[in-house]
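Here the structure comes first, spelled out in structure tokens, and everything after it is commentary.
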Amino acid sequence: MNITRKVELLAPAGDLECIKAAINAGADAVYTGGDKFGARAFANNLNKDELIEAINYAHIHEAFIYLTVNTLLKDDEIKKDLYDYILPLYEAGLDAVIVQDMGVFKFIKDNFKNLDIHISTQSTINGKRTAKKYKELGASRVVTPRELSLEGIKDISENVDIEIESFIHGALCYCYSGMCLLSSVIGGRSGNRGRCAQPCRKDYVFEEHKSTLLSTKDMCTIKILPEIINSGVYSLKIEGRMKKPTYVAGVVSIYRKYIDYYLSNKDSIDSGKMKYEVKDDDYNNLLDLFNRNGFNESYYKIHCDKSMMSLTKPKFRAENKSLTDYLNKSFIENNKREDLIIDVVIKKDTPIKVKVTALRKYEEYIITEFESITPDLAINRELDANEVEKQLSKLGNTLYIAKEINVNLESGLFLSVGNLKQLKRECVDRITEIINQKYVTNRIVDYKFENELSKDINNFNKLKDLNNGKNKDKRLRVLVNDFNQLENIIELDIDFDIYVEDFIFEKPEIFYKYLKMAHSRNKKIYYACIRFLHFEKEKMFMDSINELINNDIDGFLIRSYEEYFIINNIIKNINKNLDLIFDNTIYTFNSYSFNCIDEFISENKELFNDENINKSYNNLCLTYPLELRYEQIKNLISNYNEELVVYGKMPVMVSANCVIRNTKGCSHKCEKGYIKDDLNNKFQIATNCRYCQNTIYNSVPTSLYGVFDKVLDINNKYLRLEFTDEGIEEIIDIITSYARLLYSGEKSDYISFENNNFTRGHFLRGVK
38 MNITRKVELL
48 APAGDLECIK
58 AAINAGADAV
68 YTGGDKFGAR
78 AFANNLNKDE
88 LIEAINYAHI
98 HEAFIYLTVN
108 TLLKDDEIKK
118 DLYDYILPLY
128 EAGLDAVIVQ
138 DMGVFKFIKD
148 NFKNLDIHIS
158 TQSTINGKRT
168 AKKYKELGAS
178 RVVTPRELSL
188 EGIKDISENV
198 DIEIESFIHG
208 ALCYCYSGMC
218 LLSSVIGGRS
228 GNRGRCAQPC
238 RKDYVFEEHK
248 STLLSTKDMC
258 TIKILPEIIN
268 SGVYSLKIEG
278 RMKKPTYVAG
288 VVSIYRKYID
298 YYLSNKDSID
308 SGKMKYEVKD
318 DDYNNLLDLF
328 NRNGFNESYY
338 KIHCDKSMMS
348 LTKPKFRAEN
358 KSLTDYLNKS
368 FIENNKREDL
378 IIDVVIKKDT
388 PIKVKVTALR
398 KYEEYIITEF
408 ESITPDLAIN
418 RELDANEVEK
428 QLSKLGNTLY
438 IAKEINVNLE
448 SGLFLSVGNL
458 KQLKRECVDR
468 ITEIINQKYV
478 TNRIVDYKFE
488 NELSKDINNF
498 NKLKDLNNGK
508 NKDKRLRVLV
518 NDFNQLENII
528 ELDIDFDIYV
538 EDFIFEKPEI
548 FYKYLKMAHS
558 RNKKIYYACI
568 RFLHFEKEKM
578 FMDSINELIN
588 NDIDGFLIRS
598 YEEYFIINNI
608 IKNINKNLDL
618 IFDNTIYTFN
628 SYSFNCIDEF
638 ISENKELFND
648 ENINKSYNNL
658 CLTYPLELRY
668 EQIKNLISNY
678 NEELVVYGKM
688 PVMVSANCVI
698 RNTKGCSHKC
708 EKGYIKDDLN
718 NKFQIATNCR
728 YCQNTIYNSV
738 PTSLYGVFDK
748 VLDINNKYLR
758 LEFTDEGIEE
768 IIDIITSYAR
778 LLYSGEKSDY
788 ISFENNNFTR
798 GHFLRGVK
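Residue numbers (the working numbering): 38 to 805.
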């Protein structure tokens with residue numbers, strides 16, 4: 038082994054040509070999608086044969102292929118398609134899969150031994166505790182959200198022994214990864230299913246400002262690569278699976294240059310003896326390849342800023358013809374070739390002995406030895422060593438180049454040109470075979486699906502027995518967004534519990550009075566945690582949780598695993614029975630992921646035993662995902678209580694950036710407003726200044742009142758009403774109407790909130 042691979046340059050590819058261009062330009066690894074389950078459903082993507090060719094091509098060049106399986110899968114997709122989709126690629130030496138769905142993670146881990154699993158940025162790994170749990174469960178790598186700071190990444194790398202992959206170049210979503218539902222609600226094309234229609238790139242109007250308010254510039258971090266590497270990032274990831282081969286080759290080649298330059302001079306640069314500088318020509322070439330009104334450096338060093346946004350339509354940038362020609366000639370028209378040493382011994386009455394050595398940069402040299410045909414005795418002209426060397430060196434249409442050829446030839450022998458060509462083909466075929474074999478050792482297919490299915494059926498029946506009683510005592514829960522809403526519902530003589538958003542910390546002393554008032558009326562109040570917890574805000578979050586517990590909060594609506602691990606660590610040693618509710622941002626999109634919650638949060642990692650079922654059933658509640666339709670929800674049964682959102686304006690975007698700050702400036706006060714699209718739909722925006730986050734809500738509420746018969750057909754215990762900008766009279770009307778329908782079966786013929794503009798969400802239609 039010559040040198041250690043210190044970092045990995047990871048390139049995107051949407052087709053086979055892009056994969057080869059990336060590797061030719063210097064990528065250590067390429068991530069790509071097949072014809073199923075990838076987060077770029079509209080890329081060209083590769084079929085099975087192309088993926089196998091890509092795997093072989095990569096391995097010859099000491100590169101790796103990672104397959105994207107990073108969407109949320111439905112039950113029937115896991116049951117019918119997933120195993121058969123991965124199996125031939127696994128057997129061909131696929132290096133890793135990138136997954137979002139917890140059920141997919143467990144399925145692959147159980148069935149494909151020794152296949153590395155990388156946890157997608159879509160899974161929102163926003164802290165060390167979640168990364169540690171994934172490591173314990175068998176993940177080899179986590180992909181950090183683009184919003185994580187260098188300090189946040191460093192906190193993970195210093196506390197968890199797991200590879201970290203982070204984005205360094207390419208498109209930057211406005212919304213936190215995995216939390217965007219805007220494309221889904223507008224046209225049914227879910228970003229969580231790889232079908233984002235990019236509505237964030239459209240024009241929107243906020244007050245007098247009309248522009249691409251949600252469109253971010255592309256990120257380019259080439260000037261801060263040393264800082265990213267020193268934060269603990271191992272895999273440096275370029276975005277762009279929809280891009281052309283010239284883009285991939287160009288970006289890869291420039292980043293390769295500066296990664297190698299920094300690593301070769303790391304000590305001198307880190308100590309200040311040398312300066313790390315990016316040449317203007319290289320930076321301009323990156324701009325020429327693609328940009329949206331310039332670049333930003335993502336959230337690595339700033340939390341949010343107007344400079345990150347592309348607030349006008351990008352100007353046309355003329356093609357850099359000389360750059361394109363160079364990239365085509367250097368990396369696309371000609372494939373990369375690897376060095377071989379070929380040793381040949383040709384003796385009388387003996388098969389030709391051949392030794393082929395593939396020289397490797399990062400690995401031990403790979404050697405194959407074999408015997409070929411037996412040479413003939415020369416009649417007219419005997420074989421010359423130079424002739425053997427000449428024929429064996431003709432490797433122009435292969436992926437190799439003969440760096441050295443050694444011929445030990447006994448005199449008086451003969452081989453035809455055809456014999457020598459056959460010998461050359463054998464050299465190429467044998468070394469290619471032995472290289473590929475290296476990547477498929479220890480591949481064990483362990484198909485547990487039938488056994489797991491039987492186990493699931495048994496547990497399903499157990500859980501069904503436990504769940505049969507849920508409908509008998511369904512209960513309403515109501516989420517409010519300000520003190521006025523809280524004040525006006527708390528004295529309603531109706532059975533329901535209350536969720537409060539972070540507004541309570543504007544006037545905590547007032548909130549604690551309402552908390553006591555709620556308890557006196559047999560109502561519980563839960564704190565709805567922030568939707569994305571940043572490392573820099575952890576201490577404030579912990580202090581808030583402790584304060585709430587000390588003031589007798591009843592529980593928490595938890596929106597990420599990181600929040601769960603923090604809260605669980607705080608409460609596990611206190612003598613309080615607090616309720617924990619997982620919100621729909623903790624995806625349980627299929628029955629496999631639903632049941633995997635046990636394993637993920639359990640300290641002993643034991644699944645489905647009776648003790649766990651009985652113990653956890655009363656302590657935790659799961660919220661159904663917003664993108665599932667009725668038939669799919671009905672099949673999701675767990676050993677916990679479940680909750681269904683039956684009314685509310687869906688949060689379609691959560692962002693570290695801020696529309697109000699970017700247009701009016703920051704007042705350091707929580708504000709609300711509206712943006713309008715080209716159809717005059719109004720989407721409420723609400724800021725949270727304690728955590729510096731911006732939430733955008735759907736223009737119309739989802740209401741399931743008119744299909745309540747189907748709602749009652751689901752074995753969940755809780756129904757949630759979420760209020761954002763509704764007036765007080767409307768809020769009381771909605772709560773009263775749902776309460777009468779749920780508790781008394783009284784259904785009104787005329788419901789004002791379903792005679793205005795509303796939607797059934799995905800409850801009847803689902804997503805593509």
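Every residue, glycine too, gets a C-beta built ideally from N, C-alpha and C.
Excluding the 5 residues flanking residue i on each side, which residues of the same chain have their C-beta closer than 6 Å to its C-beta?
i    : result
S227 : S221, E664 and V804
F520 : none
G215 : Q159 and T161
L500 : Only weak support is given to the placement of L500: the predicted model assigns it a pLDDT of 46, under 50, and the value that follows is read from those uncertain coordinates. The residues are I674 and N676.
I468 : V393, A395 and T405
I481 : K150
So, is residue i buried or exposed, given that buried needs 16 or more other C-beta atoms within 10 angstroms?
i    : result
E766 : exposed
D52  : buried
K57  : buried
V288 : buried
E679 : buried
N488 : With a pLDDT of 48 at N488, under the threshold of 50, the predicted position of this residue should be treated as unreliable, and no value is reported.
L801 : exposed
E128 : exposed
D113 : exposed
E200 : buried
N612 : exposed
R698 : buried
K806 : No statement about residue 806 is possible, as the shown extent of the chain runs from 38 to 805 and does not include it.
L131 : buried
D591 : buried
Enumerate in chain order the residues of its own chain whose CB-to-CB distance from residue i is below 7 Å, with the five nearest sequence positions on each side excluded.
i    : result
I788 : Y742 and S774
F497 : At F497, the pLDDT of 45 sits below 50, so the modelled position is not reliable and the matter cannot be decided from this model.
K458 : Q428
Just how far apart, CA to CA, sit residue i and residue j?
i    : j    : result
P282 : N752 : 50 Å
H155 : Y122 : 18 Å
I265 : L187 : 7 Å
G175 : P182 : 20 Å
I89  : I102 : 10 Å
N473 : I607 : 50 Å
K652 : G71  : Unreliable placement is indicated for K652, whose pLDDT of 42 sits below 50; the coordinate value is still reported in the next sentence. Going by the C-alpha atoms only, they are around 42 Å apart.
F637 : I595 : 15 Å
D539 : V515 : 15 Å
Y213 : G207 : 15 Å
D715 : A48  : 36 Å
L209 : N694 : 12 Å
A62  : K172 : 32 Å
N434 : F368 : 15 Å
I769 : I547 : 22 Å
E297 : H799 : Note on identity: in this sequence residue 297 is Asp, with Glu being the wrong assignment. Computed Cα separation, rounded: 49 Å.
A66  : D192 : 25 Å
D307 : I40  : 21 Å
S194 : K169 : 10 Å
Whose C-beta lies closer than 8 Å to the C-beta of residue i among residues of the same chain, with five residues either side of it excluded?
i    : result
F332 : K254, D255, M256, C257, L323 and L324
T622 : T161, G215, M216, R568, R596 and S597
The region 578-598 touching the region 135-144, judged by at least three CB pairs closer than 8 Å:
no
Do three or more CB pairs link the region 700-716 to the region 620-629 at distances below 8 Å?
no
Do the region 224-238 and the region 354-369 meet, that is, are 3 or more Cβ pairs less than 8 Å apart?
No contact exists between the region 224-238 and the region 354-369.
Contact between the region 306-322 and the region 238-247 is defined here as three or more beta-carbon pairs at a separation below 8 Å; is this criterion met?
no
Is it true that the region 346-355 meets the region 387-394, where meeting means three or more beta-carbon pairs spaced less than 8 Å apart?
no
Taking only runs of the alpha helix (DSSP H) that begin and end inside the region 522-586, which ones reach a length of at least 4 residues, in chain order?
545-557
Ranges of the beta strand (DSSP E) found wholly within the region 237-263, counting only runs of at least 3:
241-243, 246-248 and 255-257
Any contact between the region 447-457 and the region 112-126? By contact I mean 3 or more CB pairs, one from each, below 8 Å.
no
Can you give, in chain order, each stretch of the alpha helix (DSSP H) that sits fully within the region 173-238 and has at least 4 residues?
187-196 and 219-224
Would you check if the region 679-692 and the region 319-329 touch, i.e. whether three or more CB-CB distances between them fall below 8 Å?
no
In chain order, which beta strand (DSSP E) runs of at least 3 residues are fully inside the region 731-800?
Fully contained in the region 731-800 are the following beta strand (DSSP E) runs of length 3 or more, in chain order: 755-759.
Ranges of the beta strand (DSSP E) found wholly within the region 47-88, counting only runs of at least 3:
Taking only runs of at least 3 residues, the beta strand (DSSP E) segments lying wholly in the region 47-88 are 66-69.
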